[in-house]
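Only one structure is covered here, and it is reproduced in the block below.
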Ligand code: SF4
Ligand code: SF4
């Protein structure tokens, strides 16, 4: 049975693409609930992921985990670079970055 959930969604965010179409950063999946990595970071299993960020310039949502992992400096200690790569790999695996949208969600304006 369909479940309804109200989320605050940036008015300038792109519309959610069809299932399987390239991810456009609409953010709806992460606004609805965190992925496994997001659950660890947010310390909750429901609601908007704490790592979700709005990018004013790109007018898209971004995954803060991916952004932070990508910023790990090359001169950082080896263990920290390893952690960055691990988080990047895990986040990519869970949100299927580079693949199609895997969220079965439908957005409707709130009344
Ligand atoms: S996976 Fe789908 S719902 Fe999630 S941000 Fe990308 S396009 Fe939006
Ligand atoms: S992809 Fe990133 S922002 Fe989205 S739920 Fe997972 S950790 Fe959070």
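In this note's numbering, the protein residues as written are 3 to 113.
Cβ coordinates follow ideal geometry from the N, Cα and C atoms, glycine included.
Given the structure is predicted, the values throughout are model-derived calculations rather than measurements.
What would DSSP say about residue 66, mapped onto helix, strand or coil?
Residue state, collapsed to three classes: helix.
When burial is assigned at 16 or more other CB atoms within 10 Å of the CB, is residue 67 buried or exposed?
By the beta-carbon neighbour count (other beta carbons within 10 angstroms, threshold 16), residue 67 is buried.
Less than 8 Å separating the beta-carbons of residue 50 and residue 32?
Annotated as proximal: residue 50 and residue 32, with beta-carbon spacing under 8 Å.
Have a look at residue 2 and residue 52 and give me their C-alpha separation to the nearest angstrom.
This structure does not reach residue 2, given that the chain is present from 3 up to 113, and the question cannot be answered.
Going by the C-beta, is residue 17 closer than 7 Å to any heavy atom of ligand 4?
Absence of ligand 4 is noted for the structure shown, with ligand 1 and ligand 2 being the only ligands found.
Span of the alpha helix (DSSP H) holding residue 30?
Annotation: the continuous alpha helix (DSSP H) that includes residue 30 extends over 30-34.
Length of the line joining the Cα atoms of residue 105 and residue 7
For the pair residue 105 and residue 7, the Cα-to-Cα distance works out to about 14 Å.
Indicate the three-state DSSP secondary structure (helix, strand or coil) for residue 55 in the structure shown.
Residue 55 falls in the strand class under three-state DSSP.
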